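**Q**
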Amino acid sequence: MPKSLSIVVPFFNEEETIETLYEQIATALAPTGCRYEVIFVNDGSSDLGPMTAQKLVESKPAVSLINFRTNFGKAAALSAGFRRARGDIVITMDADLQDDPAEIPRFLEQVAGGFDVVSGWKQKRHDPLGKTLPSKLFNAVVGRIFGLRLHDYNCGFKAYRREVLPHLNLYGELHRFTPALLHSLGFRVSEIAVTHHPRTHGKSKYGWSRLIKGMIDLFTVLLSTRFRMRPAHLFAYIGLPIAGAGFAALSYLTVLWFIGAGPIGSRPLLFFGIMAVLFGTQMIATGLIAEVVRAGQSQEEDKYLVESEFGPSPQQSGWESSDAQTAAPQALESEDASSQKRSA
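Reminder that position 242 of the sequence shown reads as 237 in our numbering, one-by-one numbering, no gaps.
1) Could you tell me whether the segment 99 to 110 touches the segment 144 to 154, where touching means 3 or more Cβ pairs closer than 8 Å?
2) Between the Cα of Ala347 and the Cα atoms of Leu229, Leu264, Gly181, which residue gives the shortest distance?
3) Since I believe Val159 is in contact with Val112 (beta carbons under 8 Å), could you give me their beta-carbon distance rounded to a whole number of angstroms?
4) Note down, in chain order, each residue of its chain lying with its Cβ closer than 8 Å to the Cβ of Arg139, except the 5 sequence neighbours on either side.
5) Find out if the Cβ-Cβ distance for the pair Pro129, Lys69 is shorter than 8 Å.
6) For Tyr166, does the three-state DSSP call read helix, strand or coil?
7) Alpha carbon to alpha carbon, how far is Leu169 from Arg262?
8) What is the rounded straight-line gap between the Cα of Gly282 and the Cα of Ser185?
9) Looking at the structure shown, is Phe152 part of a helix, part of a strand, or coil, going by DSSP?
10) Quick check on this structure: which residue in Val36, Asp147, Lys131 has the alpha carbon closest to the alpha carbon of Ala90?
11) Quick one: is Ala107 buried, meaning 16 or more other Cβ sit within 10 Å of its Cβ, or exposed?
12) Consult DSSP for Val112 and reduce its assignment to one of helix, strand or coil.
13) Measure the Cβ-Cβ separation of Gly60 and Tyr17 and say whether it is below 8 Å.
14) Determine the extent of the beta strand (DSSP E) in which Ile86 is found, giving its start and end residues.
15) Could you spell out the range, first to last residue, of the alpha helix (DSSP H) harbouring Ser54?
16) If you follow the beta strand (DSSP E) that Gly30 is in, where does it begin and where does it stop?
17) Leaving out five residues before and five after His146 in sequence, what residues of the same chain have Cβ atoms less than 6 Å from its Cβ?
18) Thinking Cys29 and Lys(-2) are a contact (beta carbons under 8 Å), I'd like their distance in whole angstroms, please.
19) Enumerate in chain order the residues of its own chain whose CB-to-CB distance from Ala71 is below 8 Å, with the five nearest sequence positions on each side excluded.
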């Protein structure tokens, strides 16, 4: 078991569940014997949830509370919790009691087995169809693009080694992509099936709109991971097929014009071809501009992520010498001296 554990719990209008959740966490962690802290992050709640959490802070030394001035979103809440966390392992979970704290020891076992990130999988979900269908579509698309096949990217129940957190810059809807973001940097990602309880208090804050936001942020994640050092490739993958289709349409119409197969000026295919060529060319040009900007801002530490290094540091003397190597400088010195005498 880790020496210390931080549990980050964002909440928004969950006054009925906060105290119960803390009691369940304490019960689940009692047998482990590890030190822990619980960090509640109030994402601009308008109910009595912040007051309930404040009472826990006053009565429980291991509880902390971060209050946002307004609703900034779950990604911002997680980011604030990560910044305050002090544990060797950081667990994130929702405050609605659908995540079961009794699963936490299983997450810790996976991390102890060598994984850097462990994501929960709500194998048997108790959510309405309007929430599960967008989630399945989202998981399929993200898994296909990043080559990391997880059943449930959207599950908020996750475990992280502390050292991976500095490599996460969460905003917008990027908290859904944390496994993909860290996987792209070479961190080891695992998934475990977890118990998912039906919602008994409050109402879901997500629906089909989450899918639209997620797909928009997917483009951001692609630019910051797979195409971080080569943005022109991403824009070319989009622009070249479109420009190619437009060029093919215009070529076809040109052949028709040469063989006298009627006027082409009023055909919809002509306008499609022109627009496709223009749009595809603009995408490619945008990628080239992004490449130039990225090249001007590129730093050495942006190119790769080193896991470990062995041997003397660059500041230490780690050179080995032999008689032949040490004799060479002396021979050079004698040659320099004789040449100076001849010139004199």
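We treat Cβ as the ideally placed atom computed from N, Cα and C, and that holds for glycine. All values reported here derive from a predicted model rather than from experimental measurement.
**A** With the given structure in hand:
1) Contact between the segment 99 to 110 and the segment 144 to 154 is present, because at least three Cβ pairs lie under 8 Å.
2) Absent from the model: residue 347. The displayed extent of the chain is -4 to 339, so no value can be given.
3) Distance from Val112 to Val159 at the Cβ level is roughly 6 Å; contact confirmed, criterion being Cβ atoms closer than 8 Å.
4) Closer than 8 Å at the Cβ level, and outside the excluded window around Arg139, lies no residue.
5) Cβ distance not < 8 Å, so Pro129 and Lys69 don't count as in contact.
6) Tyr166 falls in the coil class under three-state DSSP.
7) Distance between Leu169 and Arg262, taken at the CA atoms: about 44 Å.
8) Spanning the two alpha carbons is a distance of roughly 34 Å.
9) Residue state, collapsed to three classes: coil.
10) Nearest C-alpha to Ala90 among Val36, Asp147, Lys131: Val36.
11) Exposed, because fewer than 16 other Cβ atoms sit within 10 Å of the Cβ of Ala107.
12) Note: Val112 maps to strand in three-state DSSP.
13) Checking the sequence, you will find Leu at residue 60 rather than Gly. Going by C-beta atoms, Leu60 is not nearer than 8 Å to Tyr17.
14) Ile86 -> beta strand (DSSP E) spans 84 to 87.
15) Counted as a single uninterrupted DSSP element, the alpha helix (DSSP H) harbouring Ser54 occupies residues 44 to 54.
16) Per the sequence shown, residue 30 should be read as Arg rather than Gly. Counting along the chain, the beta strand (DSSP E) containing Arg30 begins and ends at 30 to 37.
17) Cβ neighbours of His146 within its own chain (closer than 6 Å, five residues either side excluded): Trp116.
18) Correct: roughly 7 Å between the Cβ atoms.
19) Within the same chain, Ala71 has close Cβ partners Asp38, Phe63, Leu165, Tyr166.
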